[in-house]
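Colleague: In short: position in the sequence shown from 1, add 295, done, that's the numbering used here.
Where a beta carbon is used, it is the ideal one built from N, C-alpha and C, also for glycine.
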Amino acid sequence: MKSIDVFNGDADGLCALHQLRMTEPRTAQLVTGVKRDIQLLSRIEGMHHAIVTVLDVSLDSNRQGLLALLTNQCRVFYADHHFAGDIPKNHNLEAHIDTHPETCTSLIVDRLINGKHRLWSIVGAFGDNLVQKARQKAKALTLATAQINQLQELGELLNYNGYGASIADLHFAPQILYEAVQPFENPFDFYHQSLMLKQLRTGFGSDMDKARKISPILETMVVRLFRLPAESWSRRISGVFINTKTHEKPSKAHALVVANTDGTDRISVRAPLNNKTGADALCRAFPTGGGRTGAAGVNALPPDCFQNFCKAFEKAYAV
Ligand SMILES: [Mn+2]
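(1) For the putative contact between VAL352 and ILE339, defined by C-beta atoms under 8 Å, what is the C-beta separation to the nearest angstrom?
(2) Relative to the alpha-carbon of THR559, which residue among PHE581, SER546, ASN570 and LYS547 has its alpha-carbon at the smallest distance?
(3) Would you say the beta carbon of CYS399 comes nearer than 6 Å to a heavy atom of ligand 1?
(4) Should ASP423 be counted as a contact of ligand 1 given a C-beta to heavy atom distance under 6 Å?
(5) Identify whether ASP423 lies in helix, strand or coil by the three-state DSSP scheme.
(6) May I ask which residues mark the beginning and end of the beta strand (DSSP E) holding THR366?
(7) Would you mind sorting GLN314 into buried or exposed? The rule is 16 or more other CB atoms within 10 Å of its CB.
(8) Okay, do the region 363–381 and the region 581–597 touch, 3+ Cβ pairs below 8 Å being the bar?
(9) At which residue ranges does the region 498–567 contain complete beta strand (DSSP E) runs of 3 or more residues, listed in the order of the chain?
(10) Give the range of the alpha helix (DSSP H) segment to which GLN477 is assigned.
(11) Output the residue ranges of the alpha helix (DSSP H) runs that lie fully inside the region 360–415 and measure 4 residues or longer, sorted by chain position.
(12) In whole angstroms, what is the alpha-carbon distance linking PHE485 and GLN427?
(13) For SER529, which option in TYR455, ASP305, GLY422 and GLN368 has the closest C-alpha, if you only look at C-alpha atoms?
(14) Give the secondary structure of SER298 by DSSP, where H, G and I count as helix, E and B as strand, and everything else as coil.
Pasting the structure below:
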């Protein structure tokens, strides 16, 4: 039977698949995309009798594709931490869904394989901004502070690479980055040897220098909202930028706006770090919105909704 590995093109998706394939090696067709490109199953819904592994993309967003695959007698293994809605009951579906805000797909896989490649699960958790959780796991392995910082930087740089409107915005197509990581059982070896990682570090530094000059366009006691210009570097840095801002002021909710080429706005929302609630509900109230309780977004907000979004954002986190 043909195997297909479907994974989100961010650090969490990549590290989840890497852990699984080190544990259970398999030659598979890879299906992935930029981090925001989550409707990955729509690309393969015509497949029959395949073994499909799906990682780190919302089941609810892929429901149609999933049901088609199950109808076509595919066997599907699904691990994820995004909003799933009803999980279809089907003997060909093995679903491991945990939407707890302090977990991610790499940590779900870590649990399933009994911590066999825990270092990579920690990289994935850092990538998904679960900094406390990742540090706690790393400390339990008695890693030195310098090593923990390396895993964090690795997670953040892999995650940084996933952000963009299309593959053209990215330094590397996620599939290429995954294939570069694949030979490395130990993330520290990849950290020290990879020239691709070096290139990501340089690109990240230059994007971040530009972003640091940007001030919030709205700031209250409870929220901050930023807008970055509609350029490739903004789209690449947006994820790390908003995470950095959130850590600067952990009691405030954050939103970041970057215009799409069609005039709509792409919005990322982070709930306050010390109260990871409400981001998903806020974003789902707008067309093309979705996500998790702590981190969510609106893919294409019509320009005439922007003021309403600002009001709803302030209101969602008003004390
Ligand atoms: Mn994730």
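Modeller: The short version:
(1) If you number the sequence shown from 1, residue 352 lands on position 57. If you number the sequence shown from 1, residue 339 lands on position 44. Contact between VAL352 and ILE339 fails: their C-beta atoms lie close to 12 Å from each other, not under 8 Å.
(2) Translated into positions along the sequence shown, residue 559 becomes position 264. Looking from the CA of THR559, the closest CA among PHE581, SER546, ASN570 and LYS547 belongs to PHE581.
(3) Reading the sequence shown from its first residue, position 104 is the one you call residue 399. If you check the C-beta of CYS399 against ligand 1, you find a heavy atom less than 6 Å away.
(4) Here residue 423 refers to the residue found at position 128 of the sequence shown. ASP423 Cβ: within cutoff of ligand 1.
(5) Residue numbering aside, residue 423 sits at position 128 when the sequence shown is read from its first letter. The answer is coil: DSSP assigns ASP423 none of H, G, I, E or B.
(6) Here residue 366 refers to the residue found at position 71 of the sequence shown. Not the beta strand (DSSP E): THR366 falls in the alpha helix (DSSP H), residues 358–366.
(7) On the sequence shown, position 19 is the one that residue 314 refers to. The residue is buried, with at least 16 neighbouring Cβ atoms inside 10 Å.
(8) By the Cβ test, the region 363–381 is in contact with the region 581–597, since at least three Cβ pairs between them sit closer than 8 Å.
(9) Listed in chain order, the complete beta strand (DSSP E) runs (minimum 3 residues) inside the region 498–567 are 518–523, 548–554 and 560–565.
(10) Here residue 477 is taken as the residue at index 182 of the sequence shown, counted from 1. The continuous stretches of alpha helix (DSSP H) do not include GLN477, and DSSP gives it neither H nor E.
(11) Those alpha helix (DSSP H) runs which fall completely within the region 360–415 and span 4+ residues are 400–407.
(12) Along the sequence shown, read from residue 1 onward, the residue named residue 485 stands at position 190. Along the sequence shown, read from residue 1 onward, the residue named residue 427 stands at position 132. About 23 Å.
(13) Locating residue 529 in the sequence shown gives position 234, where the first residue counts as 1. The shortest C-alpha separation from SER529 is found at TYR455.
(14) Translated into the one-based positions of the sequence shown, residue 298 becomes position 3. DSSP places SER298 in strand when its eight states are reduced to three.
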